[in-house]
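Structure first, commentary second.
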Ligand SMILES: [Zn+2]
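In the working numbering, the protein residues as written are 784 to 1037.
Written out as structure tokens, the structure reads:
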């Protein structure tokens, strides 16, 4: 096995007299492949995956090696890399464990492309390294979060484990917390915390507009597809923030 879990079959050429290794080559070759995913929220989308022998991995070498793992209800660890015998992932239903993974992997890809093609930024840390995403975190967990310490993105499955938090603006919002952390470093409290959150909403909305998906028409609402309130209303309204009953429309000394 190689470090990333890819199987290895090394051919060695040795000197018959001395035993010295003269050359090696790897027989298991990997290649970028273009697959298709059907996510819970993103609809049917292309995915750049990694082909390793006859197996496909939900891993994208063209975007810093970003990959998605299945936590299968656990709340710690890296999870298990998604693999498949075909390059077709998920079926659009939350009951298929790959569907949320399609959302997550696609969300990471679009966020990568948005930052790269809009701002010339090469990944969240601008170092070319992709973050990984974990789906199916915990039980009935109604949130998603970015964590600098694992440099990873995590999604819960929501109410009754049937409403994953994997919508595109949520992906863009959370990964933008990583960008803020690696740039402005705004403390997560008071006014700087408000700017931190607002920046994530703005950039997350930018990601949604950049993707321009038929299944998720761009708008200035946050989390309009995940139905976290149970009545179809979004989490936040960027046209008039006070519509959510709690946010301020503009700065005040309070
Ligand atoms: Zn946030």
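Each residue gets a CB set at the ideal place from its N, CA and C atoms; glycine is no exception.
Cβ neighbour criterion (16 or more within 10 Å) applied to residue i
i: residue 989; result: buried
i: residue 917; result: buried
i: residue 792; result: exposed
i: residue 901; result: exposed
i: residue 912; result: exposed
i: residue 893; result: buried
i: residue 796; result: exposed
i: residue 839; result: buried
i: residue 984; result: buried
i: residue 836; result: exposed
i: residue 1034; result: exposed
i: residue 1037; result: exposed
i: residue 963; result: buried
i: residue 906; result: buried
i: residue 843; result: buried
i: residue 1017; result: buried
i: residue 971; result: exposed
i: residue 967; result: exposed
i: residue 942; result: exposed
i: residue 884; result: buried
i: residue 881; result: buried
i: residue 925; result: exposed
i: residue 1006; result: buried
i: residue 832; result: buried
i: residue 1028; result: exposed
i: residue 856; result: exposed
i: residue 952; result: buried
i: residue 800; result: exposed
Per DSSP, cross-strand counterpart(s) of residue i
i: residue 733; result: Since the first and last residues shown for the chain are 784 and 1037, residue 733 lies out of range.
i: residue 1019; result: 1005
i: residue 808; result: 794
i: residue 829; result: 819
i: residue 942; result: Partner(s): none; residue 942 has no beta bridge.
i: residue 927; result: 938
i: residue 969; result: For residue 969, which the question treats as bridged, DSSP gives no partner whatsoever.
i: residue 999; result: 996
i: residue 843; result: 849
Next item on the list: Taking 6 Å as the limit, tell me which residues put their C-beta closer than that to any heavy atom of ligand 1, in chain order.
Entry: 956, 960, 980 and 983
Margin query: Quick test of the definition: if touching needs 3 or more C-beta pairs under 8 Å, does the segment 869-880 touch the segment 793-807?
Written below: no
Item checked: Any beta strand (DSSP E) of 3 or more consecutive residues that is wholly inside the segment 849-924 -> 849-853 and 915-920
Item checked: Sufficient close CB pairs (3 or more, under 8 Å) joining the segment 814-822 to the segment 881-898 -> yes
Checklist line | Inter-stretch contact (C-beta, 8 Å, three-pair minimum) for the segment 945-952 and the segment 871-881 | finding: yes
Note to self: With three or more C-beta pairs closer than 8 Å as the rule, is the segment 949-962 touching the segment 854-863?
What the structure shows: no
Notebook entry, point to check: Do the segment 852-859 and the segment 974-983 make contact, defined as three or more Cβ pairs closer than 8 Å?
Noted result: no
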